[in-house]
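To convert, note that position 304 of the sequence shown is 1482 in our numbering; the numbers rise steadily by one, no gaps. Before any comments, here is the structure.
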Amino acid sequence: MKTEKLYLITTADEITWKFDQPVIFLGESCRLYERKHIWKNMEAIVAKPYGLDNSTKEADFSKILVLKQKLFSEFCEILNQHNNTCHSERFWKIFLGHWFERILVLLLNRINTLKQCFKLYKISGTTMLKSNNNLATLDSTHINTASVDDRWNNLLNLQIFNFLKVDFPIKFVQEKDNFRVSPNLGIKPITTNQSFKIKSLNWCLYNFNKISRRFLNDKDAFIMNSYLPLQMEIKLELILKQFPQIWKVQRTKLDLSEIVKIPDKLLRKKLTEKFFYKTDCDFENIVRSLLFKLLPICYLEGFQGVKKIADRQPWPKSPKFIFTSNEYDTNEIFKLWTAFKVESGFKYFIGQHGNNYGTKKNFSQLTETITPDKFITWGHKNLICHTPAFIFKTVGTKKKVYNSKGGIILMQICHPGCYETQDIESQHIKYFDDQKKFVKMLTNDPKKNLTIRLHPAFRIFRWSEKKRWFDFDPSLKLDTCEVNINKLISNNRLVVHSYDSTGMLETLSQNIPTLAFWQNGLDHIESSAIPHYQALIDSGIIHLSAKSIAGKVNNIWNDVDGWWNQNHVQKSRRQFCDIYAKTSQNPLSKLKKILLS
């Protein structure tokens, strides 16, 4: 332990900061980049980031898995008792399993981050906000935003402090205003300017749906947001011999505005008393004490309200099957409706959404892979529950073209949020440093033809990506998702993915000249997938350092096609795609067979 006493700062809310003594920031998230002019002059350090080494990550994942298996059945039983029901664990996993997984991960990170800080540093005190607010959000979507909000984190940290029995003084200050239980928390939603063409299409779809309801059959298959392009989803319904309903267009109308908004503190206290008993594990004790305080309102006080909303949806009463690739996580109405249908014996299928399935460690036991009757992948079959198919996103679309004389696109990842056991903020800073190194090492021609494509979600988190890039080099060209990605690709000769991404699977499957690079080598990859990634490394598609990929871009710049079309490069691309981004000559026939078998 360091002997100098430091005042602990746990959030970016400067009302809780001290400027007249040495301080320690709990993490980089407490120091907003846009406020650098304030904190750079402070006598301050940042606490050591938690859990970055592989052994800790593996141990933490195992701990989460064991605790999830131990607690979930107890948790479900208490919910059944409260609702006077006898729903199965599968029912509750479909409805709230994703939230349960994520909250365990979030709590492990927060608890261990604080414990490590107290172990390594001597804390002189801290300031917390005095608040009468609650930790419960309206639904699982709002907890995503709450988890990066200073006020919500202040409440959570204070709860953890109470259990860890800290031995330093805590000063309380009154927060400036109260936040509501289901706030936007000052975070702007992602919006894009819709073209006249898109507006016209939406108008046509809206009116089409009015007509299509007249032809709805209660035994139709229910397909909602399959991840197939719209026209292919329509064709799938046609080959299933039903009138297309295009339920995905109606998704935005599914809201929880009618349900109760205020958590019942007395009820939650009673349920916590049923759930809590003291164990030898600090982590388990804190989790048991907090789960019902954190449980979103839609899963408890709002349960009957969500059921009423779900019951009046114009969806098939006896669906041939239920199929989605997008709605299984945060669409509370869809999930509850589906959970009831599954308990009644109807089949439930989930399609792969994005990358990582079959490739990333610890991705095989996620709720979406274990709750459906079939989990339909983009080609791989790592587990018995996996049914291999093809990459959904590119089915039936025109083959992407590219301009062999055009520029280069650098695809960025957004801030990853808070659902990792390790300190993601420090990791993301290292990631951004790698991006700057790559750009800096480009020679003149590729650099002046470079477009940096920010992730569509860059507006959500307070990471100031545009400012960071322009502070680094004001001459850079940034694309803030105003241009359609297909159009952007068609104007360039090379796409560089800065992380192991869904976009990489798309461009590889469509034979677009592709490069990728990221940190930490292949540490995140399942052992069964490593040989396939290694083949992409050997052929020069994947790189494990900024220096390596910058050298590759500089080397092939004048003849990207010549490199891309070499036999060994194309062979490694095809072999990789055959497993993780497979294409099909008859995709809808194949999918129909999977769904009906």
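Where a beta carbon is used, it is the ideal one built from N, C-alpha and C, also for glycine. Bear in mind that the values here come from a model prediction, so they are computed numbers and not experimental data.
_Outcome for C1254 when other beta-carbon atoms lying within 10 angstroms are tallied against a minimum of 16_ = If you number the sequence shown from 1, residue 1254 lands on position 76. Counting Cβ neighbours within 10 Å, C1254 comes out buried, since at least 16 surround it.
*Roughly how many angstroms lie between the CA atoms of K1426 and F1499, to the nearest whole one?*
What you label residue 1426 is simply residue 248 of the sequence shown in a count that begins at 1. What you label residue 1499 is simply residue 321 of the sequence shown in a count that begins at 1. Going by the C-alpha atoms only, they are around 16 angstroms apart.
*With a Cβ-Cβ cutoff of 8 angstroms, do L1284 and S1251 count as a contact?*
In the sequence shown, the residue the question calls residue 1284 occupies position 106. In the sequence shown, the residue the question calls residue 1251 occupies position 73. Not a contact, by the Cβ cut-off of 8 angstroms.
_Nearest-angstrom Cα separation, counted from P1691 out to W1741_ = Residue numbering aside, residue 1741 sits at position 563 when the sequence shown is read from its first letter. Residue numbering aside, residue 1691 sits at position 513 when the sequence shown is read from its first letter. Looking at the two C-alpha atoms, the distance is approximately 9 angstroms.
*Rank I1193, E1236, Q1259, T1188 by C-alpha distance to the C-alpha of K1289 and give the top, closest one.*
Sequence index remark: in the sequence shown, residue 1289 carries index 111 (1-based). As written in the sequence, residue 1289 is Ile, which differs from the Lys given in the question. If we check each option's Cα against that of I1289, T1188 comes out closest.
*Please name the residue in A1488, N1540, Q1543, N1534 whose C-alpha comes closest to that of T1516.*
Position 338 of the sequence shown, counted from the first residue, corresponds to residue 1516. That would be A1488, whose Cα lies nearest to the Cα of T1516.
*asked:* Assuming N1287 is part of the alpha helix (DSSP H), what are its boundary residues?
replied: The count along the sequence shown starts at 1 and reaches residue 1287 at position 109. Run containing N1287: 1267-1298, per the alpha helix (DSSP H) assignment.
_On a Cα-Cα basis, can you pick out the residue from L1666, F1754, H1675 that is closest to P1709?_
Reading the sequence shown from its first residue, position 531 is the one you call residue 1709. Looking at the Cα atoms, F1754 is the closest of the given residues.
*Over what stretch of residues does the alpha helix (DSSP H) that includes D1657 continue unbroken?*
Within the sequence shown, numbered from 1, the residue matching residue 1657 stands at position 479. Unbroken run through D1657 is the beta strand (DSSP E), 1655-1657; no alpha helix (DSSP H).
*Hey, is the segment 1695-1707 in contact with the segment 1762-1772, meaning 3+ C-beta pairs nearer than 8 angstroms?*
no
*Could you tell me if D1328 is buried or exposed, where buried requires 16 or more neighbouring beta carbons within 10 angstroms of its beta carbon?*
The residue given as residue 1328 occupies position 150 in the sequence shown. Buried.
_Run of the beta strand (DSSP E) containing V1224, from where it starts to where it stops_ = Numbered from 1 along the sequence shown, position 46 holds the residue referred to as residue 1224. First-last of the beta strand (DSSP E) with V1224: 1222-1224.
*For L1282 versus K1246, is the C-beta spacing smaller than 8 angstroms?*
Position 104 of the sequence shown holds residue 1282. Position 68 of the sequence shown holds residue 1246. Yes, Cβ-Cβ distance for L1282 and K1246 is below 8 angstroms.
*Is the beta carbon of F1568 less than 8 angstroms from the beta carbon of F1527?*
Counting from 1 along the sequence shown, the entry for residue 1568 is found at position 390. Counting from 1 along the sequence shown, the entry for residue 1527 is found at position 349. Contact: no.
*Report yes or no: do three or more beta-carbon pairs, one from the segment 1345-1353 and one from the segment 1302-1310, lie closer than 8 angstroms?*
yes
*Write down the C-beta distance between L1632 and C1659 rounded to the nearest angstrom, noting that I regard them as a contact closer than 8 angstroms.*
To locate residue 1632, count along the sequence shown from 1; it is residue 454. To locate residue 1659, count along the sequence shown from 1; it is residue 481. About 7 angstroms separates the two Cβ atoms, so the contact holds.
*Determine the burial state of N1385: buried for a count of at least 16 other Cβ atoms within 10 Å of its Cβ, exposed for fewer.*
By one-based count along the sequence shown, residue 1385 stands at place 207. With fewer than 16 Cβ atoms within 10 Å of its Cβ, N1385 is classed as exposed.
*Check whether Q1530 and W1556 have beta carbons under 8 angstroms apart*: In the sequence shown, counting from the first residue as 1, residue 1530 sits at position 352. In the sequence shown, counting from the first residue as 1, residue 1556 sits at position 378. Taking 8 angstroms as the Cβ cut-off, Q1530 and W1556 qualify as a contacting pair.
*Cutoff 7 angstroms; reference H1276; Cβ partners in own chain excluding five residues on either side*: Start at 1 with the first residue of the sequence shown, and residue 1276 comes out as number 98. These residues qualify, in order along the chain: S1318, D1507, T1545.
*Can you tell me which of the three DSSP states M1402 falls into?*
For the purposes of this step, residue 1402 is identified with residue 224 of the sequence shown, where counting begins at 1. If DSSP states are grouped into helix, strand and coil, M1402 belongs with coil.
*Going by DSSP, what residues sit across from M1306 in a beta bridge?*
For the purposes of this step, residue 1306 is taken as the residue at position 128 of the sequence shown. DSSP lists F1350 as partners of M1306.
*Is the segment 1571-1590 touching the segment 1667-1681, taking contact as three or more C-beta pairs under 8 angstroms?*
yes
*DSSP three-state call for N1670: helix, strand or coil?*
Counting from one through the sequence shown, the residue named residue 1670 turns up at place 492. If DSSP states are grouped into helix, strand and coil, N1670 belongs with the strands.
*Can you tell me which of the three DSSP states G1718 falls into?*
Numbered from 1 along the sequence shown, position 540 holds the residue referred to as residue 1718. It is coil, neither helix nor strand.
*Alpha carbon to alpha carbon, how far is R1646 from L1334? Give it in angstroms, no decimals.*
For the purposes of this step, residue 1334 is taken as residue 156 along the sequence shown, with counting starting at 1. For the purposes of this step, residue 1646 is taken as residue 468 along the sequence shown, with counting starting at 1. Going from the Cα of L1334 to the Cα of R1646 covers about 30 angstroms.
*From which residue to which residue does the alpha helix (DSSP H) around A1786 run?*
Because the chain spans 1179 through 1775 in this model, residue 1786 falls outside it and cannot be assessed.
*Who does I1554 pair with in a DSSP beta bridge?*
What you label residue 1554 is simply residue 376 of the sequence shown in a count that begins at 1. Its beta-bridge partners are G1529, T1565.
_I1587 - partner residues in DSSP beta bridges_ = Stepping through the sequence shown from its first residue, residue 1587 is reached at position 409. Answer is T1629, V1673, bridged to I1587.
*Proximity of F1273 and Y1477 at Cβ, strictly below 8 angstroms*: Mapped onto the sequence shown, residue 1273 falls at position 95. Mapped onto the sequence shown, residue 1477 falls at position 299. Yes, the Cβ-Cβ distance between F1273 and Y1477 is below 8 angstroms.
_Within 10 Å of its beta-carbon, does R1671 have 16 or more other beta-carbons around it, so buried, or fewer, so exposed?_
Reading the sequence shown from its first residue, position 493 is the one you call residue 1671. Buried, since its Cβ has 16 or more Cβ neighbours within 10 Å.
*Note down the Cα distance separating K1760 from D1716, rounded to an integer number of angstroms.*
By one-based count along the sequence shown, residue 1760 stands at place 582. By one-based count along the sequence shown, residue 1716 stands at place 538. Using only the alpha carbons, I get a separation of about 21 angstroms.
*With DSSP as the reference, label V1201 as helix, strand or coil.*
The residue you call residue 1201 lines up with position 23 of the sequence shown. In this structure, V1201 counts as strand in the three-state DSSP scheme.
*Extent of the continuous alpha helix (DSSP H) to which A1237 belongs*: Within the sequence shown, the letter at position 59 stands for residue 1237. A1237 -> alpha helix (DSSP H) spans 1232-1261.
*asked:* Comparing C-alpha positions only, which one of K1486, I1202, C1208 sits nearest to F1296?
replied: Working through the sequence shown from its first residue, we reach residue 1296 at position 118. Answer by Cα proximity: I1202.
*Excluding the five sequence neighbours on either side, which residues of its own chain have a C-beta within less than 8 angstroms of the C-beta of S1360, listed in chain order?*
Position 182 of the sequence shown, counting from 1, holds the residue named residue 1360. The predicted model places S1360 with a pLDDT of 37, which falls under 50 and marks its position as unreliable, so this point remains unresolved.
_According to DSSP, residues forming a beta bridge with L1418_ = Counting from 1 along the sequence shown, the entry for residue 1418 is found at position 240. Beta-bridge pairing links L1418 to no other residue.
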